[in-house]
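Here the protein sequences line up with chains E and G, keeping their order. Under my numbering, think of the first position of the first sequence as 85, with each following residue one higher. Under my numbering, think of the first position of the second sequence as 715, with each following residue one higher. Heads up: the structure comes next, in structure tokens.
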Amino acid sequence: MSPTPSSLMILKFVLLAFSFFIAQSVFASDGLPLEPKELGLCIEIPPGKRCFALEGQDWIQDLGAGFRATTPVDVKDRTRLETDITNFKSWSKSELAKRPKPKGEHVSCRATIAFSIKRKTESLCYDTLRGSKLDAKLEAVVKSLSFAKPTAK
Amino acid sequence: MKWLLFAAAFASAFLLEFPVVLAASAKPQICTPEVIATCEQLANGPIDLAKGQPTIFKGAKPGAIVNTLPFIDSFSGKGIDKATEKTARLSSQLLEFTNPSQNQIESAETLGRTLRDRSVALILGVPVNSTALKEMTTPSKMKTMAPEKRIAIERLQSLNFKVVDGRNPFCRILMAEGIPNAAYDEDRHSIFLCQGMVSQTEAAVASALAHEIGHVISPAGTSLLQYRIKGATPDATREIARSCGENFVYSEQDSYHTEESEYLNLALEVGSKNVLATRNSPLLSSLENCGVLEYVDDSSTTSTDVFKSSRACVEKENAPAYEAALAKYTPLEAEQKKVSAQAARASLMNRMPAWKFGVTSEDFADSFGSKLFGTLVSDMKWTAADIRAALVAYRVSSCQQARPGDRSRDEEAYPSADTRIAHALSQPSVAKALGCEPPTPVCDFKFDATKPVAPISPASTSKPPSNSSRKATSSGGASK
């Protein structure tokens, strides 16, 4: 599953590396509600959480370990990010609809993904993750959203 | 004449004493984040933090300590020109480091167990590996211990450590493969270390592990119910699980498998023998009903006396952040649930009490983790280089956070980097290694459970069924 160490991927690793051993919290799945963003995606797979959000002209990547990275984005980037998030949401909903309905009233969310599009939020609960198509799809989306595209100044 | 003699004597005495006065004024200064590295040093790329190599695990590849500030800057569109060349050079080093040897993996897991044992000694106030410690932790003595103390120790004794690779979504999707990090996963009652973490120095790994152990014994950790995984081996446990029928359908090929099977498989894969859960967890009740898990009696407490002073300190310290989060989210909650602001606030406080709130929770873990780390520093004879290497990531973010308009911190989840550094520097052994005086602790960690507090059992809410009723329940097929 290792990504090909393209220059962008290498850059991403290096940018974030060594800063993240500050330990990871135990995230409560029933914590504070997600603040609606113009555009955003929050993935929670206990014990971790990773969020992406558009704040003004900046794309914020929050790795949940006390660090965020800020990347200025242009209109083209924003369009691509919105398309990626919207497509992933549509795909997820259609995939979830295909799954057998769980028995009983309660479902434990093995992963929770909160989408924020045009300031409207929706959280999807995934009762399973491992070995699923979602896993691969999710990884692809994360790679797409965590682009390290430095804007030369 | 007398006056002249007196003046001469005074002057001589003064001159003689002057060097002493100078010496006294040159005593070590209070430790500040600069003792780790200055922001200027960090901004100029990789630095030799130590003028010497810090301790690395046996079998590890030797290499420099890399700081990331220039690269984070380039990520943010600042200082890219300066950092590009160094980024390219160091990226190859990093990728090489993120593939730890078997020796490193074993060393990291051993270090975790060492810190676990030290935590027990710290809580009981006796030296590690002492006869007193052995005597105090015998089953008969544990039974007579105040519940809150016993539960914290039991949590530590059953804690599992596991280095996980990129197959684990936590390391691959959430952290990005290769990025050093660790986490306490309460579901599997295990501390996970991503491979990139294991490639760090011994002291850096210890620092991360110590913080995670702080989460294990925090009120959030000790308020969870504990279940023991039945079956002497993973295969034996799976055999029990298979008798539960469709609850344990699992297929690598299919995109769907039951949550019970996935949960159990993950626990068995990482070698955990215990799992924890909040009260009223249907998933855990289902597994218990199937005979896969066994509830450990009296296994939780939310006693406020467990770490009374430490908890009070971090909550006080972080009260403004907590209030700010409540103020921010109350209108959202009210809107979503169509309730009054007062009801929304109460709901938020119930779901996220101050002791469970991100900043407080992390501060508590830092408080205990630093104390634990401090006990190891002198015994391991770590040098200033080791300490700097262990704390440099905090310092990188502290330099980031010092900049006007910086948004590199999630203020609702983590204390400021300077606060986190202060926890570490306030440990006498850490300060001594760095050649400075420890500052006053932000919140000194104290274990001050003095009076027994009744533990919480699921009986007060929804006690898992007994063995006899379990059979009756499971015979009825899948239940959730």
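Every residue, glycine too, gets a C-beta built ideally from N, C-alpha and C. Because the structure is a prediction, the values reported are computed rather than measured.
Close Cβ partners of residue i (< 6 Å) along its chain, the five nearest in sequence each way excluded
| i | result |
| --- | --- |
| W143 (chain E) | T155, V157 |
| T1035 (chain G) | With the sequence shown as reference, residue 1035 (chain G) is identified as Ala, and Thr is not the correct amino acid for it. Result list for A1035 (chain G): V1073, in chain order. |
| A896 (chain G) | L907, M911, A922, E926 |
| D879 (chain G) | Q909 |
| T1044 (chain G) | A1055, A1058, R1059 |
| F1071 (chain G) | Y1036 |
| A1098 (chain G) | A1147, L1148 |
| S1029 (chain G) | Checking the displayed sequence, the identity of residue 1029 (chain G) turns out to be Glu instead of Ser. If we look at E1029 (chain G) and ignore the five residues flanking it on each side, its Cβ neighbours are A1068, T1074. |
| C753 (chain G) | C1113 |
| Y1128 (chain G) | E1076 |
| L990 (chain G) | E900, H903, L938, Q940 |
Contact set between residue i and chain C, taken where Cβ atoms lie within less than 9 Å
| i | result |
| --- | --- |
| Q818 (chain G) | Absence of chain C from the displayed structure is noted, the protein chains being E and G. |
Between the CA atoms of residue j and residue i - distance to the nearest angstrom
| i | j | result |
| --- | --- | --- |
| G1149 (chain G) | V1073 (chain G) | 30 Å |
| I1101 (chain G) | E122 (chain E) | 42 Å |
| G709 (chain G) | A917 (chain G) | Outside the modelled stretch of chain G, which goes from 715 to 1194, sits residue 709 (chain G), for which no answer is possible. |
| L229 (chain E) | K204 (chain E) | 19 Å |
| L222 (chain E) | I197 (chain E) | 10 Å |
| M859 (chain G) | A866 (chain G) | 11 Å |
| T972 (chain G) | A181 (chain E) | 16 Å |
| I201 (chain E) | Y941 (chain G) | 40 Å |
| D146 (chain E) | L118 (chain E) | 13 Å |
| E1031 (chain G) | F136 (chain E) | 29 Å |
| S1130 (chain G) | C1113 (chain G) | 11 Å |
| D795 (chain G) | V1110 (chain G) | With a pLDDT of 41 at D795 (chain G), under the threshold of 50, the modelled position of that residue is not reliable, and the figure given next carries that caveat. Each residue's Cα considered, the two are about 19 Å apart. |
| D219 (chain E) | G132 (chain E) | 15 Å |
| L939 (chain G) | A1039 (chain G) | 28 Å |
| K177 (chain E) | A1041 (chain G) | 32 Å |
| T1089 (chain G) | H1137 (chain G) | 13 Å |
| A882 (chain G) | I744 (chain G) | Reading off the sequence, residue 882 (chain G) comes out as Asn, not Ala. Taking the straight line from one Cα to the other gives about 42 Å. |
| S1000 (chain G) | Y1009 (chain G) | 12 Å |
| A224 (chain E) | F962 (chain G) | 29 Å |
| R162 (chain E) | Q141 (chain E) | 9 Å |
| S207 (chain E) | K1051 (chain G) | 15 Å |
| T847 (chain G) | T828 (chain G) | In the sequence under discussion, the amino acid at residue 847 (chain G) is Leu, which differs from the Thr named in the question. Whole-angstrom Cα-Cα distance: 14 Å. |
| S1084 (chain G) | I750 (chain G) | 16 Å |
| A1145 (chain G) | K173 (chain E) | 50 Å |
| W1096 (chain G) | S1023 (chain G) | 30 Å |
Residue i: contacting residues in chain G (beta-carbon distance under 8 Å)
| i | result |
| --- | --- |
| E119 (chain E) | K1042, Y1043, L1046 |
| I127 (chain E) | I887, L888 |
Start-to-end residues for the alpha helix (DSSP H) that takes in residue i
| i | result |
| --- | --- |
| W175 (chain E) | 159-182 |
| A219 (chain E) | Note on residue identity: the sequence assigns Asp, not Ala, to residue 219 (chain E). Looking at the DSSP string, the run of the alpha helix (DSSP H) that includes D219 (chain E) is 217-229. |
| K1095 (chain G) | Unbroken run through K1095 (chain G): none, as it is neither H nor E. |
| Y941 (chain G) | Element bounds for Y941 (chain G): not the alpha helix (DSSP H) but the beta strand (DSSP E), 939-943. |
| V834 (chain G) | 816-838 |
| C1027 (chain G) | 1022-1031 |
| A934 (chain G) | 933-936 |
| Y977 (chain G) | 973-983 |
| R993 (chain G) | It is not in any alpha helix (DSSP H) - R993 (chain G) carries neither H nor E in the DSSP assignment. |
| G928 (chain G) | 916-930 |
Under 8 Å from the C-beta of residue i: neighbouring residues of chain E
| i | result |
| --- | --- |
| A1039 (chain G) | L116 |
| Q1050 (chain G) | P117 |
| D949 (chain G) | What D949 (chain G) touches in chain E: nothing, since even the nearest Cβ is about 19 Å away. |
Chain G contact residues for residue i, given Cβ-Cβ distances below 9 Å
| i | result |
| --- | --- |
| R164 (chain E) | Within 9 Å Cβ-Cβ: nothing; R164 (chain E) doesn't reach chain G, min ~18 Å. |
| I144 (chain E) | R1121 |
Spatial neighbours of residue i in its chain, beta-carbon cut-off 7 Å, leaving aside the 5 residues before and after
| i | result |
| --- | --- |
| K217 (chain E) | E179 |
| M850 (chain G) | L838, V840 |
| T170 (chain E) | I201 |
| P1166 (chain G) | At P1166 (chain G) the pLDDT is 48, less than 50, meaning the model places this residue with poor confidence; the figure from the coordinates comes in the next sentence. If we look at P1166 (chain G) and ignore the five residues flanking it on each side, its Cβ neighbours are A860, P861. |
| G985 (chain G) | N874, K876 |
| P742 (chain G) | G1149, C1150, E1151 |
| S932 (chain G) | S1075, F1078, A1079 |
Other residues of its chain near residue i: CB distance less than 8 Å, five sequence neighbours each side excluded
| i | result |
| --- | --- |
| I905 (chain G) | G826, L873, N874, F875, K876, A896, A897, Y898, D899, L923, E926, I927, V930 |
| V226 (chain E) | I127, R134 |
| T951 (chain G) | I943, K944, G945, L978, L982, V1006 |
N- and C-terminal bounds of the beta strand (DSSP E) containing residue i
| i | result |
| --- | --- |
| I750 (chain G) | Unbroken run through I750 (chain G): none, as it is neither H nor E. |
| L208 (chain E) | 204-210 |
| D949 (chain G) | It is not in any beta strand (DSSP E) - D949 (chain G) instead sits in the alpha helix (DSSP H) that spans 948-956. |
Partner residues on chain E for residue i, Cβ-Cβ distance less than 7 Å
| i | result |
| --- | --- |
| D1100 (chain G) | Chain E residues near D1100 (chain G): none, gap ~14 Å exceeds 7 Å. |
| D1077 (chain G) | What D1077 (chain G) touches in chain E: nothing, since even the nearest Cβ is about 11 Å away. |
Chain-ordered chain G contacts of residue i [CB-CB under 7 Å]
| i | result |
| --- | --- |
| D158 (chain E) | Within chain G, no residue comes near D158 (chain E); the closest Cβ sits about 11 Å away, beyond 7 Å. |
When you check each C-beta in the region 873-884 of chain G against every C-beta of chain E, which residues fall closer than 8 Å? When C-beta distances to chain E are compared with 8 Å, the residues of the region 873-884 of chain G below that value are G880, R881, P883, F884, in chain order.
In the region 221-232 of chain E, which residues sit with their C-beta less than 7 Å from some C-beta in chain G, listed in chain order? Under the 7 Å Cβ criterion, the region 221-232 of chain E contributes L222, E223, V226, S230, A232.
Compile a chain-ordered list of the residues in the region 898-917 of chain G whose CB is closer than 8 Å to at least one CB of chain E. Answer in chain order: Y898, D899, E900, D901, F906, G910, M911, Q914.
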